[in-house]
Structures are given as C-alpha cells and as structure tokens.
Amino acid sequence: MVRITKVYTRTGDTGETGLVGGTRLPKDHPRIEGFGTIDELNSCLGLVRSFNAQKPQSERRDKLELILQAIQQKLFDIGSELATLPGDEYPGQIKLEEADAAWLEEVIDAMNTELEPLKSFILPGGTPLNAFLHQSRTTCRRAERAVLHLHRVAPINPAILKYLNRLSDALFVFGRWVTAKLDETELLWQPGSTSPDWRWSTDD
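Structure (structure tokens):
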C-alpha cells in the first residue's frame, strides 16, 4: 500500500523528478512524458465516469462503470511500470500481460454485437459522456505515441503498447455504444459541408 504523508517535497524545483528506486530524470524525459500522458488519460476517464454516473440507473450503465474503473486501475499499473527502471522492480509489482489487451477485445466484441455498422466517420462532441469518451480516445492515442517514443529510447514491456493501442479502439466503440444504449448523441462527419452564413441581425 502506498503511503503519502507530504504532497510537496521541493525536490522537483530544478526540473527533475524521481522514479521508483530513486533515480532522477528531467521532467521532459521520454519516460516522464510517457507515464505523465497515461496520468492525463486517467484524468479524462475520471470525467467519463462522472458523467456516466449521472445517467439513469441501468445494468449497462453500471457495467460500463465497472469497465471504466478496471481500465483506470490498469492505467495506474502501467504508470507504475513505466516509472520503474530495469533492476529497480519491487516485490509484488504488477506488470501488464497479453491477457489485459485480450480482456479489452472481449469488451469491444460484446459491445459491437449491439451496434449497427458504421456508415460515417464521427465528429467528437454530441453529449458530455460521448464527448469525453472521444477526448479520452485521442488522449490515449497521444499516450501511445509517447510510450512508443520511450520504447525506441529504452525498450519497455510490449504488452503496454498493445494495451494502449487496443484501449483507443475500445474508447471509440464505447462512444458509439453509449449513443446506442445510454441515450447519448453523436455527430457525424458530412464530407464537403459548405460554410454556413454565420452573420447575425443587427436588430437583435
């Protein structure tokens, strides 16, 4: 169990931060960027969960809550793993496995069976739950790019990259699924749409 007794330490005032095991790195190092973006994604999912909680109670709403909660926990595991250099692992440390991405695939497949085939690209937006799922999806893509950058500098557990890739797919499907099952609204791309007349009347 992690125990935090003091929030500020002043040790990061010179632009460095500590990893598990005590090694210090610049805050713009690819490793810090990697797990920092994972943390940002986790915050986005917190917003998703808060809006999901506002939906009328139903089995599907509650199941989505369980799924999102599990993903947030897994993202913290990823952050911990990325913050640990080889040789600094601690007893009982959780490491991602192939089964974690497979679990996401099961969720994606189950939701897809309840959806109509996609006939248009989707614009981020609509109603809050759907909109924040799309924000989470794009943040997940950025996290994947950041972790890939780290992987090129210092190879990491490949299961992490696979999980992030599958998670961005899952978040896209979640957005479609909440539209179909939780009365959310989504916006469709209309190729070649003309620019509207935005001018307002001077009499108003």
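In our numbering, the protein residues as written are 1 to 204.
Glycine included, C-beta positions come from ideal geometry on N, C-alpha and C.
Asked: Neighbourhood of T179 by C-beta distance below 8 Å, restricted to the same chain and skipping five residues each side; Found: G126, N130, T185 and E186
Asked: Buried versus exposed, by CB contacts within 10 Å (16 or more), I32; Found: buried
Asked: Which of helix, strand or coil DSSP assigns to R199; Found: coil
Asked: C-beta contact flag for K95 and N42 at 8 Å; Found: no
Asked: Outcome for H149 when other beta-carbon atoms lying within 10 angstroms are tallied against a minimum of 16; Found: exposed
Asked: C-alpha gap between R24 and Q57, whole angstroms; Found: 46 Å
Asked: Delimiting residues of the alpha helix (DSSP H) encompassing W177; Found: P158 to K181
Asked: Identity of the residues DSSP links to P104 by a beta bridge; Found: Reading off the sequence shown, one finds Leu at residue 104, where the question assumed Pro. Looking at the DSSP assignment, L104 forms no beta bridge with any residue, so it has no partner.
Asked: Close Cβ partners of F51 (< 7 Å) along its chain, the five nearest in sequence each way excluded; Found: P128, L129 and F132
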